[in-house]
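A.B. asks: So the sequences go chain by chain: A and B.
So the working numbering is basically just the index in the first sequence, starting at one, shifted up by 454.
So the working numbering is basically just the index in the second sequence, starting at one, shifted up by 454.
Before anything else, here's the structure in question.
Protein chains: 2
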Amino acid sequence: MKILVTGAAGMIGRKFCEALARRPEIGGASVDKLTMVDAIEPVALTGASFAVETFQVDISTLSLAERILSEPPDILYHLAAVVSGEAEADFDKGYSVNVTGTQKLFEAIRHAQNRPRVVFASSIAVFGIPFPEIIPQEYIPAPLTSYGTQKAIGELLLADYSRRGFFDGIGIRFPTICVRPGKPNKAASSFFSSIIREPLNGQTAVLPVGDEVRHWFASPRAAVAFLFRAGAIDLRDLGPRRNLNMPGVSATVGEMIASLEAVAGPGFAKLIRRDPDPTIQRMVDGWPRRVDASRAKELGFSADDDFEEIVRHYIEDDLARKSTVR
Amino acid sequence: MKILVTGAAGMIGRKFCEALARRPEIGGASVDKLTMVDAIEPVALTGASFAVETFQVDISTLSLAERILSEPPDILYHLAAVVSGEAEADFDKGYSVNVTGTQKLFEAIRHAQNRPRVVFASSIAVFGIPFPEIIPQEYIPAPLTSYGTQKAIGELLLADYSRRGFFDGIGIRFPTICVRPGKPNKAASSFFSSIIREPLNGQTAVLPVGDEVRHWFASPRAAVAFLFRAGAIDLRDLGPRRNLNMPGVSATVGEMIASLEAVAGPGFAKLIRRDPDPTIQRMVDGWPRRVDASRAKELGFSADDDFEEIVRHYIEDDLARKSTVR
């Protein structure tokens, strides 16, 4: 089976490819070849039992389409995206990669005519306030960012291309991924990872919002498991609604900090410095606190049990093993 | 005030332009110039007190953008679309006009930098089964046609371009327009108009579905009134959710036929020949029966009182006056 992953140099893409090297099968079918695609040259995998090629390309250009036409994958994982902060700062780049790039990729798959499975990484960013405390599965995607808009458009295209029989698509709406390894980035959500990661690394973290802030999380390990599951399930069970809320852990900042201390020991929370930022507080107040993921759960998707497990997964996967992820 | 209407040669576009000629103001501001744009050369308006120009152009090409940049409108009515039957039959044409064309138009408006009002014609085709008997305002657009997908994408773009301040947009989700003047077309919904229009013209109509079928309607006169209202209301009241379900009349086929006889007299229903078509019945069974339009009503949008009024509007506007609409 041939797998193609876009965004393979990204955090989740990289972890997924590494997991494939350790466990080279999806849904009982073994992986023969993996093509890692990213705008940044992906570092080649080591220790994989299957062929690996890397391909550095902007997905909004046509050369990826040619590659797909010459060697169509059996499963395409479309994870590449301009992330939320950048899509908001650079309107043209966000639409070019996240909408035009996705359209070109889907068109290439359509014209390859081998009707593969397409797994599309969407996000809870498709939701914007107001929404109920638990966002229902049939709630309108009314995003309040360009990134969320672009993901919602990708979901619509995925469903229509699937309905037309051009490919067999499944869209997975990721929770906020936490704890992200590496350094803080400029995303407004960056502090969610920082307040766990930095103390565990003996560093100070800044907390710009109140302890009562509640949000929806999954660990990188759970995110990788979603990708395996999305590649494995029988898509005939899905019907025309192809985009699924993924399960996650709903936790307040206060609960996150308590989990850090419960797992790592008392004292770590002292490294968290409270420095309220009204701008970030206002943004975060508009983010989902909990989503109904019962369809995904019925289909065998599962997330971390609780936030303590999320902390443990970071310690095991990234702190102890020294992550290879940028 | 300069008005630009795309789709000006279409049924609603034409009626709206004719109504503007009779009542050349929107929201208290008088119309100085009307630009009628369509893929088919629009027939020039007669009797207008303002300047009228017609422009035949495919909106997925760039020449409309140049026109907009050289003379930006104060209100853009974007009604042009490849209709549902054609968008399903010709996948590429539907996406080219309904998505790429809409994107190019929005980009032209963005670069003109005059931040006009944009009124976007959407449709209840954004909804696909399953849905509740009355579709809530916050229900997910999960379309089951390429046309509905393309309209849902247009809605998302409209909301994001508005949020970013590139223009001030409002999307109006039209009910099925009934009674359409003219001849039956190939749309699966064509019979809804035929069973009223053909008997009133002394002709036989074919009814392919059962009398119990319920659907959501507005007359062409109500549709034109929606467009005037969308041009007039204070969009600051709208918030980030820019796309509104329009009010309509929920009626069964049986109620439609009873209305025909109540308005026109007994005997007309004899011209309706029942010829069940399971394919059409199955399609129509997946169409909205009633939508919650309370936000639009609060903003002053109103539809016909009942189906009898819809029949009377057809008689007054098209049967008696001999419509100029193709």
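A virtual CB, placed ideally from N, CA and C, is assigned to each residue, including glycine.
For the pair the stretch 661-677 of chain B and the stretch 749-758 of chain B, tell me if three or more CB-CB distances fall below 8 angstroms.
C.D. replies: Touching, per the Cβ criterion.
A.B. asks: Could you work out which residues of chain B lie near S600/A, taking near to mean beta carbons separated by less than 9 angstroms?
C.D. replies: Those are D614, R617 and R618, listed as they occur along chain B.
A.B. asks: Examine the Cβ distances between the stretch 563-576 of chain A and the stretch 567-574 of chain B and report whether three or more of them are shorter than 8 angstroms.
C.D. replies: Segments in contact, no.
A.B. asks: Under 8 angstroms, do Y531/B and T460/B count as touching if we go by C-beta distance?
C.D. replies: For Y531/B and T460/B, yes; Cβs fall inside 8 angstroms.
A.B. asks: Classify R477/A as buried or exposed, calling it buried when 16 or more other Cβ atoms lie within 10 Å of its own Cβ.
C.D. replies: By the neighbour-count rule (16 or more Cβ atoms within 10 Å), R477/A is not buried but exposed.
A.B. asks: Whole angstroms are fine: how far does the CA of C471/B sit from the CA of H669/B?
C.D. replies: Looking at the two C-alpha atoms, the distance is approximately 28 angstroms.
A.B. asks: In chain order, what residues of the same chain lie with their CB nearer than 8 angstroms to the CB of E495/A, ignoring the 5 residues before and after it?
C.D. replies: For E495/A, where only same-chain residues beyond five positions count, the Cβ hits under 8 angstroms are A463, T508 and Q510.
A.B. asks: Got a sec: is the Cβ-Cβ distance from E592/B to anything in chain A below 8 angstroms?
C.D. replies: Yes, its Cβ sits closer than 8 angstroms to a Cβ of chain A.
A.B. asks: Rounded to the nearest angstrom, what separates F722/B and L714/B at their Cα positions?
C.D. replies: Approximately 7 angstroms between the Cα atoms of the pair.
A.B. asks: Between which residues of its own chain and K751/A is the CB-CB distance below 8 angstroms, once the five residues before and five after are set aside?
C.D. replies: P701.
A.B. asks: In chain order, what residues of the same chain lie with their CB nearer than 6 angstroms to the CB of F581/B, ignoring the 5 residues before and after it?
C.D. replies: Closer than 6 angstroms at Cβ, skipping near neighbours: I589 and P742.
A.B. asks: Following the continuous beta strand (DSSP E) through G623/A, name the residue where it begins and the one where it ends.
C.D. replies: Element bounds for G623/A: D622 to F628.
A.B. asks: At the level of alpha carbons, what is the spacing between T556/B and D528/B?
C.D. replies: If I take the Cα positions, the gap works out to 17 angstroms.
A.B. asks: Looking at the secondary structure, which residues open and close the alpha helix (DSSP H) in which R749/A lies?
C.D. replies: From DSSP, the alpha helix (DSSP H) with R749/A extends over S748 to E752.
A.B. asks: Using alpha carbons as the reference points, say which of V678/A, K724/A, A579/A and Y549/A lies closest to D739/A.
C.D. replies: That would be A579/A, whose Cα lies nearest to the Cα of D739/A.
A.B. asks: Give the range of the beta strand (DSSP E) segment to which D492/A is assigned.
C.D. replies: Element bounds for D492/A: K487 to D492.
A.B. asks: If the cut-off is 7 angstroms on Cβ atoms, which residues from the stretch 538-554 of chain A count as contacting chain B, listed in chain order?
C.D. replies: So the close ones are F545.
A.B. asks: For a cutoff of 8 angstroms on Cβ pairs, would you count P694/A as touching chain B?
C.D. replies: Yes - at least one Cβ of chain B is within 8 angstroms of the one on P694/A.
A.B. asks: Within 8 angstroms of any Cβ in chain A, is that where the Cβ of R780/B sits?
C.D. replies: Its pLDDT being 45, under 50, R780/B is placed unreliably in this model, and the value from its coordinates should be taken loosely. Cβ-Cβ to chain A under 8 angstroms: no for R780/B.
A.B. asks: Please check if any C-beta of chain B sits within less than 8 angstroms of the C-beta of A774/A.
C.D. replies: Chain B, which has no Cβ nearer than 8 angstroms to the Cβ of A774/A, makes this no.
A.B. asks: Could you check whether the Cβ of I607/A sits closer than 8 angstroms to any Cβ belonging to chain B?
C.D. replies: Yes, I607/A counts as interfacial toward chain B.
A.B. asks: Measuring alpha carbon to alpha carbon, tell me which residue in E592/B, R749/B and A535/B is nearest A493/B.
C.D. replies: If we check each option's Cα against that of A493/B, A535/B comes out closest.
A.B. asks: Step through the CB atoms of chain B and report whether any lies within less than 8 angstroms of the CB of P526/A.
C.D. replies: P526/A does not count as touching chain B.
A.B. asks: Suppose the cutoff is 6 angstroms on Cβ atoms and the five residues either side in sequence are ignored; what does the same chain contact list for I649/A look like?
C.D. replies: Only A659, L661 and I726 meet the Cβ criterion.
A.B. asks: Listed from N- to C-terminal order along the chain, which residues in the stretch 556-570 of chain A have their beta-carbon within a distance smaller than 7 angstroms of any beta-carbon of chain B?
C.D. replies: Residues: none.
A.B. asks: Which first and last residues belong to the beta strand (DSSP E) in which A463/A is found?
C.D. replies: Run containing A463/A: none; DSSP gives neither H nor E here.
A.B. asks: Using the Cα positions of G608/A and S704/A, report the straight-line distance between them to the nearest angstrom.
C.D. replies: Rounded to the nearest angstrom, the two C-alpha atoms are 26 angstroms apart.
A.B. asks: For chain A, is any of its Cβ atoms less than 8 angstroms away from the one on G582/B?
C.D. replies: Yes, because at least one Cβ of chain A sits closer than 8 angstroms to the Cβ of G582/B.
A.B. asks: Which two residues bound the contiguous alpha helix (DSSP H) that contains F680/A?
C.D. replies: That run of the alpha helix (DSSP H) goes P674 to A686.
A.B. asks: Rounded to whole angstroms, what is the Cα-Cα separation between P730/B and L698/B?
C.D. replies: Going by the C-alpha atoms only, they are around 34 angstroms apart.
A.B. asks: Output needed for M710/B: all residues of its chain with C-beta closer than 7 angstroms, excluding positions within five of it in sequence on either side, in chain order.
C.D. replies: Correct list, in chain order: I649, I650 and F761.
A.B. asks: When you compare the CB of P595/B with every CB in chain A, is at least one pair closer than 8 angstroms?
C.D. replies: Judged by the 8 angstroms Cβ criterion, P595/B is in contact with chain A.
A.B. asks: Excluding five sequence neighbours on each side, which residues of the same chain lie with their C-beta closer than 8 angstroms to the C-beta of K547/B?
C.D. replies: Correct list, in chain order: V536, E540 and A541.
A.B. asks: What residues match up with N697/B in a beta bridge as DSSP calls it?
C.D. replies: In DSSP, N697/B forms a bridge with G625/B.
A.B. asks: Could you please give me the residues that DSSP links to Q510/A through a beta bridge?
C.D. replies: Q510/A is bridged to D492/A.
A.B. asks: The alpha helix (DSSP H) that contains V738/A, what's its start and end?
C.D. replies: That run of the alpha helix (DSSP H) goes P732 to D739.
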